[in-house]
Amino acid sequence: MVLILSNKWDISVDFIVRELRKRGEKFVRINTEDLPYSDCSVSLPDFSFLLPHGEQVTELVGNLKSVLFRRPGKPFEETEPADLSSKPVLRYSTEQWHAFIEGLLSINDVLWINHPRANDLMECKIVQLRKAVEMGFRIPRTCITSSKDKAEKFIESCGGCVVAKSIYSSLIEYSDKDFFVFTTVVKSLKDVPPPEFGIAPVIFQEYIDGGKIDYRVTVIGEKVYAVRIEFTEGNPGVVDWRTKKDGLMFIPCELPSDLRKKCIDFVSQCGLVFGAIDFVQVRDDFYFLEINPNGEWGWLQRRANLPIAEAITEYLVAGNRGYTKCMG
Amino acid sequence: MNVNEPFLFRFKRECLSPRRVTHDRRFYYDEELCQVMTVENGYAIPVVESKQNNGPVTKKSDIEKGEDQKDSWMWR
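Taken in sequence, the protein lines are chains Z and V. FYI, my numbering numbers position 11 of the first sequence as 11, with every residue one higher than the one before it. Just so we're on the same page, my numbering is the position in the second sequence counted from 1, plus 1000.
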């Protein structure tokens, strides 16, 4: 049986549901924001892990072969703010349910896409970049610092122009609005108070320009789906293509075979089955920018007709033994 | 010197998508089918089958850290 741990509004998962159903594969989708309204239980020493879904309850021990672990919802996420408990209660509830779900890791011989621990680790950009260098990828020169002095020297060494981005989540949540920090060009730190870097360290990287082309490479096991990101009206010199809300094309393409192989090995070495990697190409050189262990891909399935859901489903259905065999 | 915000906050942009819950009544989650549904020509269909270009704008504030609604490109 395949278990999906996600949330109701992750539409990418709906493509997987469609595939599993097409193949007649038994699956259970648990939207974890609903767990507080369910009766779950684990029994020991005779191990039993019961998860309810709808009117049914499923025993996972002995039946589970794979888990799609993708953006699980937080308890009470859909509850209206006025009906919510206090923050300490919410935090407590979230942590306890998180630990409960982690208990699934104790069920043996299960394929996780992706394993939660590997997901967490590979969200860290320092870990990603270090691993990328180890694996032989070319990366932009990088300085991650909480020192204004160090940052200024790095900018100078890069000819007075770098990009800055966050080391972890770029999402900023206020009580009434959310904000996001995209990759931004920085030329000078004059007038920036040094303590701003002490509050949170920043990634500075050399600015890769010179007619760069962006790529998104989605890797699932040994399957690789690459798209080149092009602008309908030439290259407008956009630093971060995500800031463009219109006029983008996603063109499926083949990577050079050595790069393709390296992507497969990289995702595997990161302990992941799924990974969405961003590259930029300048002339013949591909620069690794980052990997998103939970990257979105529904847009590629729909816009570029890439069979990503099919590939993920294939691995889910094959389970741990099938995956291990496939990856040698 | 009193500094309240980190350097990168100077470049923050307001998110365009809803926060945690979608209140768009054109879309709903079907517990039986385990998919988000919409109604087209009087029939309920999974939204991934919809040919329309105005799909749901899904929530942003989840555990995934750094993707800015790329899936909204499904509907453009």
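Beta carbons: idealized from backbone N, C-alpha and C, even for Gly.
Got a sec? Which residues, its chain only, sit under 6 Å from residue i by beta carbon, not counting five neighbours each side?
{"i": "Ala304/Z", "result": "Val227, Phe250, Pro252"}
{"i": "Ala309/Z", "result": "Phe15, Ile16, Glu19, Gln301"}
{"i": "Gly295/Z", "result": "Ala276"}
{"i": "Leu255/Z", "result": "Ala226"}
{"i": "Pro194/Z", "result": "Lys148"}
{"i": "Phe266/Z", "result": "Met135"}
{"i": "Val317/Z", "result": "Glu25"}
{"i": "Glu78/Z", "result": "Glu33"}
{"i": "Ala200/Z", "result": "none"}
Look at the alpha carbon of residue i and the alpha carbon of residue j, and state the distance between them as a whole number of angstroms.
{"i": "Gln96/Z", "j": "Lys74/Z", "result": "11 Å"}
{"i": "Ile229/Z", "j": "Asp285/Z", "result": "16 Å"}
{"i": "Trp112/Z", "j": "Leu105/Z", "result": "9 Å"}
{"i": "Ser85/Z", "j": "Ser6/Z", "result": "23 Å"}
{"i": "Tyr174/Z", "j": "Cys1015/V", "result": "11 Å"}
{"i": "Tyr1029/V", "j": "Ile1045/V", "result": "11 Å"}
{"i": "Arg302/Z", "j": "Glu19/Z", "result": "14 Å"}
{"i": "Asp1062/V", "j": "Arg283/Z", "result": "Confidence at Asp1062/V is low in this model, with a pLDDT of 36, below 50, so its placement is unreliable and the value that follows should be read with caution. Straight-line Cα distance between these residues: approximately 37 Å."}
{"i": "Tyr272/Z", "j": "Tyr323/Z", "result": "Sequence inspection shows Leu at residue 272/Z; the Tyr mentioned does not correspond to that position. Distance between the alpha carbons of Leu272/Z and Tyr323/Z: 12 Å."}
{"i": "Lys1065/V", "j": "Ser43/Z", "result": "At Lys1065/V the pLDDT is 35, less than 50, meaning the model places this residue with poor confidence; the figure from the coordinates comes in the next sentence. Straight-line Cα distance between these residues: approximately 34 Å."}
{"i": "Thr184/Z", "j": "Asn114/Z", "result": "30 Å"}
{"i": "Trp241/Z", "j": "Asp209/Z", "result": "13 Å"}
{"i": "Lys8/Z", "j": "Phe1027/V", "result": "11 Å"}
{"i": "Lys150/Z", "j": "Pro52/Z", "result": "54 Å"}
{"i": "Val67/Z", "j": "Gly159/Z", "result": "47 Å"}
{"i": "Pro1006/V", "j": "Cys161/Z", "result": "20 Å"}
{"i": "Thr218/Z", "j": "Phe274/Z", "result": "7 Å"}
{"i": "Arg1013/V", "j": "Pro307/Z", "result": "33 Å"}
{"i": "Lys1060/V", "j": "Pro72/Z", "result": "Model confidence at Lys1060/V stands at a pLDDT of 45, short of 50, so the residue's coordinates are unreliable and nothing is read from them."}
{"i": "Arg21/Z", "j": "Arg91/Z", "result": "36 Å"}
{"i": "Val224/Z", "j": "Arg130/Z", "result": "22 Å"}
{"i": "Gln1035/V", "j": "Met1/Z", "result": "18 Å"}
{"i": "Ser1050/V", "j": "Met1037/V", "result": "9 Å"}
{"i": "Ser337/Z", "j": "Ala118/Z", "result": "The structure shown does not extend to residue 337/Z, since chain Z is modelled only from 1 to 328, so the question has no answer here."}
{"i": "Asp176/Z", "j": "Asp258/Z", "result": "47 Å"}
{"i": "Leu1033/V", "j": "Phe204/Z", "result": "46 Å"}
{"i": "Ile155/Z", "j": "Gly319/Z", "result": "48 Å"}
Looking at the ligand GDP, does it come within less than 7 Å of residue i, judged from the CB to the closest heavy atom?
{"i": "Lys325/Z", "result": "In the structure shown, the ligand GDP is absent, as is every other ligand, since no ligand is present at all."}
Write down the C-beta distance between residue i and residue j rounded to the nearest angstrom, noting that I regard them as a contact closer than 8 Å.
{"i": "Phe76/Z", "j": "Thr145/Z", "result": "Contact doesn't hold; Cβ gap of about 38 Å is too wide."}
{"i": "Met122/Z", "j": "Gly221/Z", "result": "Rounded, the Cβ-Cβ distance is 16 Å, inconsistent with contact."}
{"i": "Leu64/Z", "j": "Ile30/Z", "result": "Contact doesn't hold; Cβ gap of about 12 Å is too wide."}
{"i": "Thr32/Z", "j": "Ile101/Z", "result": "7 Å"}
{"i": "Val186/Z", "j": "Val163/Z", "result": "7 Å"}
{"i": "Lys148/Z", "j": "Val181/Z", "result": "In fact, because the Cβ distance is near 18 Å, the residues do not count as touching under 8 Å."}
{"i": "Phe69/Z", "j": "Pro116/Z", "result": "6 Å"}
{"i": "Gln128/Z", "j": "Ile291/Z", "result": "5 Å"}
{"i": "Ile139/Z", "j": "Phe288/Z", "result": "5 Å"}
Who are the near neighbours of residue i in its chain, counting only those whose CB is closer than 8 Å to its CB and skipping five residues on each side?
{"i": "Ser93/Z", "result": "Pro36, Pro75, Phe76, Ser85"}
{"i": "Lys262/Z", "result": "Met135, Gly136, Phe137"}
{"i": "Arg331/Z", "result": "With chain Z running from 1 to 328 in the structure shown, residue 331/Z is simply not present."}
{"i": "Lys87/Z", "result": "none"}
Establish whether the CB of residue i and some CB of chain Z are separated by less than 8 Å.
{"i": "Tyr1029/V", "result": "yes"}
{"i": "Gln1035/V", "result": "yes"}
{"i": "Val1048/V", "result": "yes"}
{"i": "Arg1026/V", "result": "no"}
{"i": "Glu1014/V", "result": "yes"}
{"i": "Glu1005/V", "result": "yes"}
{"i": "Asp1068/V", "result": "In this prediction, Asp1068/V scores a pLDDT of 46, lower than 50, which makes its location untrustworthy; the coordinate-derived value is nonetheless stated afterwards. Yes - at least one Cβ of chain Z is within 8 Å of the one on Asp1068/V."}
Spatial neighbours of residue i within its chain, please: C-beta separation below 7 Å, excluding the five flanking residues on both sides.
{"i": "Ile11/Z", "result": "Gly298"}
{"i": "Phe47/Z", "result": "Val61"}
{"i": "Leu171/Z", "result": "Asp178, Phe180"}
{"i": "Ser41/Z", "result": "Leu50"}
{"i": "Glu233/Z", "result": "Gly247"}
{"i": "Asp39/Z", "result": "Pro52"}
{"i": "Glu152/Z", "result": "Leu189"}
Kindly say whether residue i, judged by its beta-carbon, lies nearer than 8 Å to any beta-carbon of chain V.
{"i": "Arg29/Z", "result": "yes"}
{"i": "Ala118/Z", "result": "no"}
{"i": "Asp178/Z", "result": "yes"}
{"i": "Arg228/Z", "result": "no"}
{"i": "Phe15/Z", "result": "yes"}
{"i": "Ala164/Z", "result": "yes"}
{"i": "Trp97/Z", "result": "no"}
{"i": "Thr58/Z", "result": "no"}
{"i": "Lys8/Z", "result": "yes"}
{"i": "Val219/Z", "result": "no"}
{"i": "Glu196/Z", "result": "yes"}
{"i": "Ala311/Z", "result": "no"}
Counting pairs of Cβ atoms below 8 Å between the region 311-318 of chain Z and the region 12-20 of chain Z, do you hit three or more?
Counting Cβ pairs under 8 Å, three or more are found: they touch.
Does the region 25-36 of chain Z come within contact of the region 270-287 of chain Z, defined as at least 3 CB pairs closer than 8 Å?
These segments do not touch.
Taking contact to mean 3 or more Cβ pairs, one atom from each stretch, closer than 8 Å, check whether the region 150-169 of chain Z and the region 118-133 of chain Z are in contact.
Contact between the region 150-169 of chain Z and the region 118-133 of chain Z is present, because at least three Cβ pairs lie under 8 Å.
Does the region 1034-1041 of chain V come into contact with the region 205-216 of chain Z, if we say contact requires no fewer than three beta-carbon pairs (one atom in each stretch) closer than 8 Å?
Fewer than three Cβ pairs drawn from the region 1034-1041 of chain V and the region 205-216 of chain Z lie within less than 8 Å of each other, which leaves the two stretches out of contact.
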